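Following: one structure in structure tokens, then a few remarks.
Protein chains in written order, with the numbering used here: chain A, 2 to 301; chain B, 2 to 301.
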């Protein structure tokens, strides 16, 4: 089935205790689409500037990522500059330059409009609503958001939440949006806003899936090598939505399986800078690690 | 089978965003023995002062906790004063008064010496070695430790680790003892020190069990009500060792089951201050929550 993602393509400058890279491919839509393309075809809508290297475009196209919806604008590409400490936890943002992303107006090409699966990456909730108005009856819509929109565009965000099936956010976003320090209570509050499923990304601790029917936890295999956590969350979402879209199965048990695949895919992202590890991932490596993840909480 | 614990009994003054209590029963041996007594008989070795309330002694005895090894010394009981922030993470220690615990000299009563299962709670590793010299060929020995001993009594601690089967510590202790920011690599280093199993307590994220054969993760059910995290780690150890001791089964699959029970028991401790919730726990509540924990990572 076809999967549509609307988000950012960017160039990142990243520093971790293990190295430093400049102008590497970043942004939610790049991590998402490369992760999802492991499983399925992806239609991407994003905007880049004059300085976006052709090699990045080539990388996407080689993976059968449809870039018909990629807009080229005059100016510089979105850039994020961040630095991680020794614990590889929340990074210090050294600079965020919206550049051409500031005037991003997502237009969905006709050939994308019947996409069955849709992911609205972390962009202004008003743009997310705009996208929802352009697509025709998708089977499943998921979205991301961030603290900035919770604080500054709450009404638009609540409108988005009434119109999506799944919200995918992290621990602190869950607590802030659900207005409770308890993840379990915050999750219950968020489900009351509209989405029937909430997925909480917890980094090295895996991911939690909440619905009114119950809670599922996919733990994450403890990795020996982590170089750069950037993009783990968007890779999770890409693996998750890519797997669902390929299976074309939105039953509870397949959603759980998809959460596990999301964690598996994200575990590769963090093993190298940018999309480097993800882009060279082999099917056998994916299968081996999937087995390791599945055995992690196997009691026999 | 009989289970021996050597640790501290104390009186705690605790403040959390949800309340404040003074002079409540605390200390590693109290949480451990009350947790373990859910499953099995417990022999406790600890020291208390003149001010230790008889009601606390009664509470232990009512649970068939053998207090023959409880020493009464002249002076005040060990006291810990702590305050937790909104996230209920690492507490701020406002005061630690060793009092009679400063001269604690653990003497194992003859009737305890054949205990098959032994837990050395977080005390000076030289005292832990002293205890190991007094017990006769136990089937399984586990111990806890803390950053203070890693930093100040490393040699004695390494000697302990050569003589125990299981080390039970938290994330930061694992990183410090294993000298690596990666939990997976730090765990590998620790297993090289001697213990065949390392269990990493991760609070709301459950517990990891490492051995040379593989990794097991018991995730922890997201709780709606958490009032006071004090004693969760010792309750985990008590539930874990209590379950093993009662089953008298140290196979890998039973050790995994025991890790799950440790998490289940600890999840009750944090729902109220001190040992209040743990001491009133009913078998049916234990079974219901165990089922919830088991279903958490069930994919079907």
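We put the CB at the ideal spot given by N, CA and C, even for glycine.
Note that the structure is a prediction, hence the values are computed from the model and not measured.
Amino acids of chain D, ordered along the chain, whose beta-carbon sits closer than 7 Å to that of residue 92 of chain A: Protein chains A and B are contained in the structure displayed, whereas chain D is not.
Of the residues B:33, B:13, B:189, which one's Cα is nearest the Cα of residue 236 of chain B? Nearest Cα to residue 236 of chain B within the set B:33, B:13, B:189: B:33.
Exposed or buried, residue 18 of chain A, counting other C-beta atoms within 10 Å across all chains shown (16 or more means buried)? Classification of residue 18 of chain A: exposed, given that the 10 Å Cβ count is below 16.
Under 8 Å by Cβ, that's how I've got residue 27 of chain B and residue 100 of chain B pegged, so tell me the actual separation to the nearest angstrom. Not quite, the Cβ-Cβ distance comes to about 13 Å (not below 8 Å), so this is no contact.
What's the gap between the Cα of residue 2 of chain B and the Cα of residue 117 of chain B? Taking the straight line joining both Cα atoms gives about 6 Å.
Whole angstroms is fine: what's the gap from residue 40 of chain B's alpha carbon to residue 30 of chain A's? Their Cα atoms are separated by approximately 52 Å.
Could you name the residues of the same chain whose beta carbon sits closer than 6 Å to that of residue 72 of chain A, not counting the 5 residues immediately before and after it, in chain order? Around residue 72 of chain A: 48.
Residue 225 of chain B: which of A:181, A:43, A:76 sits nearest, CA to CA? Nearest C-alpha to residue 225 of chain B: A:181.
With a threshold of 8 Å between beta-carbons, can residue 185 of chain A be considered close to chain B, or not? Chain B, which has a Cβ nearer than 8 Å to the Cβ of residue 185 of chain A, makes this yes.
With which residues is residue 143 of chain A paired in a DSSP beta bridge? A:120, A:167, per the DSSP bridge assignment.
For residue 102 of chain B, count neighbouring Cβ atoms within 10 angstroms of its own Cβ and tell me buried if that reaches 16, exposed if not. The residue in question, residue 102 of chain B, is buried, as its Cβ has 16 or more Cβ neighbours within 10 Å.
Residue range of the unbroken beta strand (DSSP E) whose run includes residue 75 of chain A: DSSP places residue 75 of chain A in no beta strand (DSSP E); its state is neither H nor E.
Return helix, strand or coil for residue 129 of chain B, following the three-state DSSP convention. Residue state, collapsed to three classes: helix.
Closest to residue 211 of chain A by C-alpha separation, out of B:215, B:96, B:222, would be which residue? Minimum Cα-Cα distance from residue 211 of chain A among the listed residues B:215, B:96, B:222 corresponds to B:222.
Less than 8 Å between the CB atoms is what I'm expecting for residue 265 of chain A and residue 36 of chain A, so what's the real figure, rounded? At roughly 10 Å, the Cβ-Cβ gap does not stay under 8 Å, so residue 265 of chain A and residue 36 of chain A are not in contact.
If you drop the 5 nearest sequence neighbours on each side, which residues of the same chain put their C-beta closer than 8 Å to that of residue 174 of chain A? Within its own chain, the residues whose Cβ lies closer than 8 Å to the Cβ of residue 174 of chain A, once the five positions on either side in sequence are excluded, are 146, 147, 148, 151, listed in chain order.
For residue 197 of chain A, name the three-state secondary structure that DSSP assigns. Here residue 197 of chain A sits in coil by DSSP.
What runs of the alpha helix (DSSP H), each 4 residues or longer, lie entirely inside the region 176-225 of chain B? Complete alpha helix (DSSP H) runs here, min 4: 184-193.
Which partner residues of residue 13 of chain A appear in the DSSP bridge assignment? For residue 13 of chain A, which the question treats as bridged, DSSP gives the partners A:25, A:81.
At a CB distance below 7 Å, what residues from the region 6-21 of chain A approach chain B? Give them in sequence order. Near chain B, meaning a CB-to-CB distance below 7 Å, no residue of the region 6-21 of chain A qualifies.
Tell me which same chain residues have a C-beta within less than 8 Å of the C-beta of residue 94 of chain A, skipping the five on either side of it? By the criterion of a C-beta distance shorter than 8 Å, residue 94 of chain A is surrounded in its chain by 81, 82, 83, once the five residues flanking it on both sides are discounted.
Using 8 Å as the threshold, is the region 232-246 of chain A in touch with the region 268-283 of chain A, meaning 3 or more CB pairs across them? Contact between the region 232-246 of chain A and the region 268-283 of chain A is present, because at least three Cβ pairs lie under 8 Å.
Min CB distance residue 182 of chain B to chain A below 8 Å: By this cut-off, residue 182 of chain B is an interface position.
Quick check on residue 305 of chain B - is its C-beta less than 8 Å from some C-beta in chain A? Because chain B in this structure spans residues 2 to 301, residue 305 of chain B falls outside the shown range and cannot be described.
Got a sec: which bits of the region 242-255 of chain A sit with their beta carbon under 8 Å from any beta carbon on chain B, in order along the chain? Look at the region 242-255 of chain A: the residues with a C-beta under 8 Å from a C-beta of chain B are 254.
Report the neighbours of residue 257 of chain A on chain B: residues whose CB is nearer than 7 Å to its CB, in chain order. Residues of chain B passing the Cβ test: 300.
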